[in-house]
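Everything in the sequence shown is counted per our numbering, starting at 41 for the first residue and increasing by one.
A virtual CB, placed ideally from N, CA and C, is assigned to each residue, including glycine.
One structure is given below, encoded as structure tokens.
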Amino acid sequence: MRLLSTAVVGAAIVGAGLLAPVSGEATAASRDVIFSPSVAQPGQHVRIDVLKCPVGRKRHWVGSKVFTKNATVYGKGKDGQAKVLVKRTVKSGSYKVTVHCGSRVLTAKLRVSNKPWPSVIPSTLTPGVR
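Next up, the structure:
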């Protein structure tokens, strides 16, 4: 019986790992904007990778009403990257993000969720928890 419950828990962990977002792509409007994590929580830092956005003479930046402030897009080679902080007061939903790469302007949607990740390990298998 214990072997069966261990197998079920193992399958649940593997399944959750396959479903958990690690890095996501933006909407079809701009496949060149990648958020990590793909679903952010209020108060969380988000890395934004912008493909084909090299550093140029003009300032490259990213902005959204869900960020605490606009951020500069820094680049290496042909791509750029920015780090932003999601406001703690943001409610769950999809929010528009605008990226300015010189004269090129990209838009994407960042998903924000207030829900915590569910625990997939039952307390009977967690040491010290009853």
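Quiz item: For His85, does the three-state DSSP call read helix, strand or coil?
Solution: strand
Quiz item: Do you know how far the Cα of His100 is from the Cα of Lys116?
Solution: 13 Å
Self-check item: From Val79, Gly103, Ser153, residue whose alpha carbon lies closest to that of His140
Solution: When each option's Cα is compared against that of His140, the closest is Gly103.
Quiz item: Applying the criterion that 16 or more other CB atoms from any shown protein chain within 10 Å of the CB defines a buried residue, is Ser70 buried or exposed?
Solution: buried
Exercise. With Ser104 as the anchor, note down where its beta strand (DSSP E) starts and where it stops.
Key: According to the DSSP assignment, Ser104 belongs to no beta strand (DSSP E), since it is labelled neither H nor E.
Quiz item: Nearest to Lys136 by CA position, among Lys105, Asp72, Val86, is which residue?
Solution: Lys105
Quiz item: Applying the criterion that 16 or more other CB atoms from any shown protein chain within 10 Å of the CB defines a buried residue, is Val145 buried or exposed?
Solution: exposed
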